[in-house]
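The sequence shown begins at 1 in full-length UniProt numbering and counts up one residue at a time.
These notes are about the structure you will find just below.
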Amino acid sequence: MRFNTSLIHGNVGPKEERSSTNIPIYLCNSFQYETAHELEEVFSGKKPGFVYTRINNPTVEAFERRIAFLEEGIAAVAASSGMAAIALAILNLVKSGDEMVSASGIFGGTYSLFKSFENFGIKTRFAEDSSVESFEKYITDKTKVIFIETIGNPKLDVPNIRQIADLAHEHGIALVVDSTVTTPYLVKPIKLGADVVVHSTSKFINGSGSCIGGVIVASSNMKIDYDRYPLIKEYKKYGEFAYIARLRNNLLKDFGACISPFNAFLNTIGLETLGVRMQKICENALSLAKALKENKKVVSVNYPGLEESIYYQLATEQFGGKYGAILTIRVGTKENAFKVIDSLRYAVNSTNIGDVRTLVVHPASTIYVGFSVEEKEAMGVYEDMIRICVGLEDVEDIIEDFYQALEKI
Ligand SMILES: *Cc1c(COP(=O)(O)O)cnc(C)c1O
């Protein structure tokens, strides 16, 4: 089954369950059973079934099944947001006293989460760049997780997933990969060795900015040493499903960060058109990056699809010649950046990515406003930088829009 077919027909579940073409939305809290004995069996896990939507739900499960299939994982758990997915994915592996090593050019919300983890005794060390050596340097015998994004947002650095997975596994550490900006259309990190993949499905998977959601995908790559990961040990009897079983039956249940069935439905219909959208988005982004490079008002353009990017070779190999939707430009000063943003006619000023419409944001004064200048620069955020997330408009219109806005500075 090829990619676009798998979006529509991959692991859609047993047909006898329903006659509707789309997955029905089960908007209910709980599920009823004829006998007390039956519910007892479902509750204890002896019989499959749904109990309460905080733990599982048929609409949510349909979404999870399809994502797991696309990512070539063994199972998935959906969460209320991308942040919830990242928090749960990691807290399922670490406890107070443990450490993580993270890429530094990561999404601001995730950086902030890792800082918050310190309040719970979990320390994150940030690698200076995306080279394997800079991750290795910070590994200690307390390190339980290495965390990377497939393309750092907004630094747009590209780590070598396979090499970092090898490094993690040499040290008996789990690699958690946030693939929000690439989606399975560009890369399937599990095939490159990732143990766990997370997405903010609010972005490209949903595709039209209609709801918040997240998902965690577990793989069979994970070779849990139960003595190093005592949290999972209790779930040992589930074999390769131990990680996901604990995630659902402990963290998801206790923290309550479940996705709404309605949002799972919106994400599922978004998922079905992921391929055609990502194809067009990647083409548009590359054309826009090339056009902006020619504009005299633009000081620099950062996009892994430009040959001068230091990540061009790796991105080309790892992502099959596609480079995603996000690029950044620098325009000299913060005032210039604001002027360009305010002058755009189509591109929308909003702190989001992965929408049908082209989005721009001034990261330094918004998502990264709480960070020091040093922290911002470590994350690839500068005062004169605009982040652009290209949408599905005709690219000629997007290019013209930026050109007229740049004329104003
Ligand atoms: C948006 C985003 C998140 C957080 O997701 P939410 O759904 O907004 O909670 C995490 N990682 C990346 C790369 C993102 O772009």
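A virtual CB, placed ideally from N, CA and C, is assigned to each residue, including glycine.
Here the structure is a predicted model, which is why all the values come from computation and not from measurement.
G73, buried or exposed, once every other Cβ within 10 Å from all chains shown has been counted against 16 = buried
Start and end of the beta strand (DSSP E) containing I341?
-> Looking at the DSSP string, I341 is not in any beta strand (DSSP E); the run it does join, the alpha helix (DSSP H), is K334 to S343.
Cβ of N267 versus every heavy atom of ligand 1: is any distance shorter than 8 Å?
-> no
H37, buried or exposed, once every other Cβ within 10 Å from all chains shown has been counted against 16 = exposed
According to DSSP, is V198 helix, strand or coil?
-> strand
Taking just the CA atoms, how far does L167 sit from E136?
-> 7 Å
Could you tell me the boundaries of the alpha helix (DSSP H) in which I212 lies?
-> From DSSP, I212 is part of no alpha helix (DSSP H); its letter is neither H nor E.
Keeping to the same chain, check which residues put their C-beta closer than 6 Å to that of K123; ignore five residues upstream and five downstream.
-> The residues are E99.
Touch check for the segment 255-262 and the segment 73-86: three-plus C-beta pairs under 8 Å?
-> yes
Based on the DSSP secondary-structure assignment, which residues constitute the bridge partners of A75?
-> A218
Cβ contact check for the segment 366-383 and the segment 143-156: 3 or more pairs under 8 Å | yes
Cα separation between I269 and D141?
-> 44 Å
Does the beta-carbon of G321 have 16 or more other beta-carbons within 10 angstroms, so that it is buried, or is it exposed?
-> That one is exposed.
Beta-bridge partners of F126, as assigned by DSSP = S102
Distance, Cα to Cα, E41 vs G193?
-> Whole-angstrom Cα-Cα distance: 36 Å.
Is Y138 close to chain B, meaning its C-beta is less than 9 Å from at least one C-beta of that chain?
-> The chain labelled as chain B is not found in the depicted structure, where only one protein chain is given.
Measure the C-alpha to C-alpha separation of S19 and F319 and round it to an integer number of angstroms.
-> 37 Å
Buried/exposed call for M1, threshold 16 Cβ in 10 Å | exposed
With which residues is A174 paired in a DSSP beta bridge?
-> V145
With a threshold of 16 other CB atoms inside 10 Å of the CB of residue 428, please say whether the residue is buried or exposed.
-> Since the first residue of the chain shown is 1 and the last is 409, residue 428 is not available in this structure.
Under the DSSP definition of a beta bridge, which residues are partnered with N302?
-> T328
Are at least three pairs of beta-carbons, each pair with one atom in the segment 350-367 and one in the segment 198-207, less than 8 Å apart?
-> yes
When the Cα of L27 is compared with those of G45, N56 and F43, which residue comes out closest?
-> N56
Going by the C-beta, is E64 closer than 8 Å to any heavy atom of ligand 1?
-> no
Going by C-alpha distance, which of V299, L70 and Y111 is nearest T182?
-> L70
Thinking I341 and I386 are a contact (beta carbons under 8 Å), I'd like their distance in whole angstroms, please.
-> 6 Å
Which first and last residues belong to the beta strand (DSSP E) in which V360 is found?
-> Per DSSP, V360 belongs to the beta strand (DSSP E) from L359 to V361.
First through last residue of the beta strand (DSSP E) which encompasses R66 = Counting along the chain, R66 falls outside any beta strand (DSSP E), though it belongs to the alpha helix (DSSP H) covering P58 to L70.
Take the Cβ of T5 as the centre, count every other Cβ of all protein chains shown within 10 Å, and call the residue buried at 16 or more, exposed below.
-> Exposed: under 16 other Cβ atoms inside 10 Å.
So what's I232 in DSSP terms, helix, strand or just coil?
-> Helix at I232.
Classification of N119 by the beta-carbon crowding that lies within 10 angstroms, buried from 16 upward = Around the beta carbon of N119, fewer than 16 other beta carbons lie within 10 angstroms, which makes this residue exposed.
Quick one: using the 10 Å Cβ neighbour count with 16 as the cut-off for buried, is Y323 buried or exposed?
-> buried
Roughly how many angstroms lie between the CA atoms of L88 and L231, to the nearest whole one?
-> If you take the alpha carbons of L88 and L231, they lie about 13 Å apart.
Exposed or buried, which one is I212 when buried takes at least 16 other CB atoms within 10 Å?
-> buried
For K233 and N245, the rounded distance between their alpha carbons | Checking the sequence shown, residue 245 turns out to be Ala, not Asn. Going by the C-alpha atoms only, they are around 11 Å apart.
Taking only heavy atoms of ligand 1 into account, decide whether any of them is closer than 8 Å to the Cβ of E71.
-> no
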